[in-house]
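Below: one structure, written as structure tokens.
Protein chains in written order, with my numbering: chain B, 1 to 290; chain E, 1 to 314.
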């Protein structure tokens, strides 16, 4: 009886598992990120108004039927600027994460595969760079590169490279002792081929988790740098520089400060929730530990 | 214990040296004459020649680094181009302002978030746990520069309870100084509470799943004894490390909060120096913050054996 009962219960459970909806954090996080990507995609091609067009007759207009999120001190439509800003922020974040992943993977693969002194010297420098808080290193690099869109991409890309290199190197060190790598060598494959064909694809899972959380850090860092005036220079809109521009008017036009901040917060919330869901999925031990 | 401390300090020294090399190389990457960069546009030929000699610019790059690092070790970080003040006293003065905000905020956040995280883990999946974790995730998703702006809008402008712009040193006027510090501290406190609570909860959950906890429960110990006497000590390690990282990161990232509340701290000094192309100050700030970051993490590591003696055995 009990055996039958267990069988029935477990088969019902597996049925439930197949039909199970995504976890709430994945659902909310995914929705928020989907909205961000849709807004960024649309903002790159179309906005309700020209985000750069000045209209002094309509300056500091509160949200209304024509301008859903109001206008700024130059009469520019806030919604249009937020959409264009989303496109800029997402584009900068994608390029930065790609740069950090490419550089970090190259360094991590090389260092982990070579081992010995090469590995020790590279990792000593890598760890020293990790000793800089990410944003500080980016600030220092911006002082050298100049504060603009490309300066931000390169500065943040370099600042986040050491974390990627560490993760990739760790994965390579554990992989290179495995049988399939020895088998590849025995088959007569060169070191480079083994590295690219057998080791690199196995680094993709940890890199995906890292890149997801890094996207959030980069977006936040980009907004913070733009807020400080070291990011994309005005009049081009980014959420950070819109927030910075709102400070003198915060008393009379609170919407100028509220909406860009809300956009950054909801995006970060989406990324955090998605990151939690991804970690739960990949590490069932931590399920529910959020 | 002594050997552990010695090993850990020995490990930090090469890191400090490479950090110094990185900062030196970073500034040397800027095209142009380093002496001209350090003295600015108003430099006279005589002062340029003098500085070139002092920096050893006619020598090889490693020798130049040696000369520069020798000056740094003697506390000579150069002179600010814009204010003509010595860089180190300027940094220390601004650091005192930033440090009081960061230390108080992180201390308060830890005092609230660590017990809250442990309790959330203990009551896993209860409504209390879900509420605490949701609040923490929300708090850490709000960037400090927006949170600060919202607090400023509400407590400063709408309610008029707290001063909006400016800074008064506590040493000059304790009451006014305190009023100016409340909002920046509250901003960092709320944000870091989210970060620390999640870590405290996650590390406690990890420990609560271990066999020795089941054993402690099986012995008939009360839940509070299991939680605080057995689980907490082992679970606190990762949170303690995170607190160190948070402290260091805040020193690098406090510029945004100082910008919101117009506080003359270290972060603002660095950002203003970047705008003014005041390279001696940029170099000094970067070196100072990175050194502080390494030292804070060193102190955190040295304190580790207090609650986890296994560390010294390793």
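Where is the CB? At the ideal position from N, CA and C, for every residue including glycine. This structure is a prediction, so every number in the text was calculated from the model and none was measured.
Exercise. List, in order along the chain, the chain A residues whose C-beta lies closer than 9 Å to that of residue 133 (chain B)?
Worked result: Given the protein chain composition of this structure (B and E), no chain A is represented.
Problem set entry | Span of the alpha helix (DSSP H), counted from its first residue to its last, around residue 188 (chain B) | Working through the first chain from its first residue, we reach residue 188 (chain B) at position 188. Where residue 188 (chain B) is concerned, there is no enclosing alpha helix (DSSP H), given that its DSSP letter is neither H nor E.
For this session: Would you give the residue range spanned by the alpha helix (DSSP H) that residue 86 (chain E) belongs to?
Result: As a working mapping, residue 86 (chain E) is identified with position 86 in the second chain. First-last for residue 86 (chain E): undefined, no H or E at that position.
Exercise. Counting along the chain, where does the alpha helix (DSSP H) carrying residue 271 (chain E) start and finish?
Worked result: Stepping through the second chain from its first residue, residue 271 (chain E) is reached at position 271. Looking at the DSSP string, the run of the alpha helix (DSSP H) that includes residue 271 (chain E) is 266–276.
For this session: Keeping to the same chain, check which residues put their C-beta closer than 6 Å to that of residue 151 (chain B); ignore five residues upstream and five downstream.
Result: Position 151 of the first chain, counting from 1, holds the residue named residue 151 (chain B). Taken in chain order, the residues that qualify are 142, 145.
Exercise. Closest to residue 43 (chain B) by CA distance: which of B:28, B:31, B:88, B:60 is it?
Worked result: Here residue 43 (chain B) refers to the residue found at position 43 when the first chain is read from its first residue. The shortest Cα separation from residue 43 (chain B) among B:28, B:31, B:88, B:60 belongs to B:88.
Problem set entry | Sequence-distant residues of the same chain with beta carbon closer than 8 Å to residue 59 (chain B), five excluded per side | Here residue 59 (chain B) refers to the residue found at position 59 when the first chain is read from its first residue. So the qualifying residues of the chain are 71, 72, 73, 74, 75.
For this session: Measure the C-alpha to C-alpha separation of residue 1 (chain B) and residue 108 (chain E) and round it to an integer number of angstroms.
Result: Indexing the first chain from 1 puts residue 1 (chain B) at position 1. Indexing the second chain from 1 puts residue 108 (chain E) at position 108. With a pLDDT of only 36 at residue 1 (chain B), under the threshold of 50, the placement of this residue in the model should not be trusted, and no figure is reported.
Exercise. Given that residue 28 (chain B) touches chain E, what residues does it touch there, using C-beta distances under 7 Å?
Worked result: The residue you call residue 28 (chain B) lines up with position 28 of the first chain. Going along chain E, no residue has its Cβ under 7 Å from residue 28 (chain B), so there is no contact; the nearest lies around 10 Å.
Problem set entry | Beta-carbon spacing of residue 135 (chain B), residue 212 (chain B) below 8 Å | Looking up residue 135 (chain B) in the first chain gives position 135. Looking up residue 212 (chain B) in the first chain gives position 212. Cβ distance not < 8 Å, so residue 135 (chain B) and residue 212 (chain B) don't count as in contact.
For this session: Please determine if the stretch 240–260 of chain E and the stretch 129–148 of chain E are in contact, where contact requires at least 3 C-beta pairs separated by less than 8 Å.
Result: yes
Problem set entry | Bounding residues of the alpha helix (DSSP H) (the contiguous stretch that carries residue 62 (chain B)) | Position 62 of the first chain holds residue 62 (chain B). Note, residue 62 (chain B): premise wrong, no alpha helix (DSSP H); not H, not E.
For this session: Grab me the residues of residue 126 (chain B)'s own chain with a C-beta within less than 6 Å of its C-beta, minus the 5 sequence neighbours each way, in chain order.
Result: Counting from 1 along the first chain, the entry for residue 126 (chain B) is found at position 126. The residues are 162, 165.
Exercise. Going by beta carbon distance, what residues of the same chain come within less than 8 Å of residue 181 (chain E), once the five residues before and after it are set aside?
Worked result: The residue labelled residue 181 (chain E) in the question sits at position 181 within the second chain. Counting only Cβ-Cβ distances below 8 Å, and skipping sequence neighbours, we find 100, 101, 104, 170.
Problem set entry | Backbone CA spacing between residue 53 (chain E) and residue 252 (chain B) [nearest angstrom] | One-based indexing of the second chain puts residue 53 (chain E) at position 53. One-based indexing of the first chain puts residue 252 (chain B) at position 252. About 56 Å.
Exercise. Do we get a CB-CB distance below 8 Å when we pair residue 26 (chain E) with the residues of chain B?
Worked result: Stepping through the second chain from its first residue, residue 26 (chain E) is reached at position 26. Closer than 8 Å: yes.
Problem set entry | Positions along the stretch 14–25 of chain E whose CB lies within less than 7 Å of some CB in chain B | 14, 15, 18, 19, 22
Problem set entry | Interface flag, residue 193 (chain E) vs chain B, CB-CB below 8 Å | Against the second chain, residue 193 (chain E) aligns to sequence position 193. No, residue 193 (chain E) lies away from the interface with chain B (no Cβ there is under 8 Å from its Cβ).
For this session: Identify the contact partners of residue 220 (chain B) in chain E, using a Cβ-Cβ distance below 8 Å as the criterion.
Result: Here residue 220 (chain B) is taken as the residue at index 220 of the first chain, counted from 1. Ordered by position in chain E, the residues that pass the 8 Å Cβ test against residue 220 (chain B) are 143.
Exercise. So what does DSSP say about residue 50 (chain B), is it helix, strand or coil?
Worked result: Along the first chain, read from residue 1 onward, the residue named residue 50 (chain B) stands at position 50. Coil at residue 50 (chain B), not helix or strand.
For this session: Put residue 214 (chain E) into one of helix, strand or coil per three-state DSSP.
Result: The count along the second chain starts at 1 and reaches residue 214 (chain E) at position 214. Correct three-state label for residue 214 (chain E): helix.
Problem set entry | Whole-Å CB distance - residue 164 (chain E) paired with residue 152 (chain E), under 8 Å assumed | By one-based count along the second chain, residue 164 (chain E) stands at place 164. By one-based count along the second chain, residue 152 (chain E) stands at place 152. Right, the Cβ-Cβ distance comes to about 6 Å (below 8 Å), so this counts as a contact.
For this session: Examine chain E for any beta-carbon lying closer than 8 Å to the beta-carbon of residue 251 (chain B), and answer yes or no.
Result: Counted from its first residue, the first chain places residue 251 (chain B) at position 251. Yes, residue 251 (chain B) counts as interfacial toward chain E.
Problem set entry | Contact set between the stretch 221–236 of chain B and chain E, restricted to residues whose Cβ is under 8 Å from the partner | 223, 224, 227, 228, 229, 230
Problem set entry | Cβ pair count under 8 Å reaching 3, the stretch 11–27 of chain E against the stretch 284–299 of chain E | yes
For this session: Work out the CA separation of residue 138 (chain E) and residue 176 (chain E) for me, nearest whole Å.
Result: The sequence position of residue 176 (chain E) within the second chain is 176, counting from 1. The sequence position of residue 138 (chain E) within the second chain is 138, counting from 1. Each residue's CA atom was taken as its position, placing residue 176 (chain E) and residue 138 (chain E) some 31 Å apart.
Exercise. For residue 7 (chain E), does the count of other Cβ atoms within 10 angstroms reach 16, so buried, or fall short, so exposed?
Worked result: What you label residue 7 (chain E) is simply residue 7 of the second chain in a count that begins at 1. The residue is exposed, with fewer than 16 neighbouring Cβ atoms inside 10 Å.
Problem set entry | residue 252 (chain B) - DSSP class collapsed to helix/strand/coil | In the first chain, the residue the question calls residue 252 (chain B) occupies position 252. Shown here, residue 252 (chain B) sits in coil according to DSSP, grouped into three states, outside any helix or strand.
Exercise. Looking at C-alpha atoms only, which residue of E:29, E:44, E:106 is the closest neighbour of residue 61 (chain E)?
Worked result: Residue numbering aside, residue 61 (chain E) sits at position 61 when the second chain is read from its first letter. If we check each option's Cα against that of residue 61 (chain E), E:29 comes out closest.
For this session: Provide the residue(s) that pair with residue 238 (chain B) in DSSP beta bridges, ordered along the chain.
Result: What you label residue 238 (chain B) is simply residue 238 of the first chain in a count that begins at 1. According to DSSP, which records beta bridges pairwise, residue 238 (chain B) is partnered with nothing at all.
Problem set entry | Buried or exposed (CB count within 10 angstroms, at least 16 for buried), residue 68 (chain E) | Position 68 of the second chain, counted from the first residue, corresponds to residue 68 (chain E). Residue 68 (chain E) comes out buried.
Problem set entry | Under 8 Å by beta carbon: chain E residues contacting residue 333 (chain B) | Given a span of 1 to 290 for chain B in the structure shown, any question on residue 333 (chain B) remains unanswerable.
Exercise. Would you report the Cα separation of residue 202 (chain E) and residue 17 (chain E), rounded to the nearest angstrom?
Worked result: Residue mapping note: residue 202 (chain E) aligns to position 202 of the second chain, counting from 1. Residue mapping note: residue 17 (chain E) aligns to position 17 of the second chain, counting from 1. In a straight line, the C-alpha of residue 202 (chain E) is about 35 Å away from that of residue 17 (chain E).
Exercise. Is the CB of residue 93 (chain B) under 8 Å away from at least one CB in chain E?
Worked result: Within the first chain, residue 93 (chain B) is the residue found at index 93, counting from 1. It does not; no Cβ of chain E falls within 8 Å.
Exercise. Okay, do the stretch 258–271 of chain E and the stretch 69–76 of chain E touch, 3+ Cβ pairs below 8 Å being the bar?
Worked result: no
Exercise. Taking DSSP as the reference, what is the three-state secondary structure of residue 105 (chain B)?
Worked result: For the purposes of this step, residue 105 (chain B) is identified with residue 105 of the first chain, where counting begins at 1. Collapsing the DSSP output to three states places residue 105 (chain B) in a helix.
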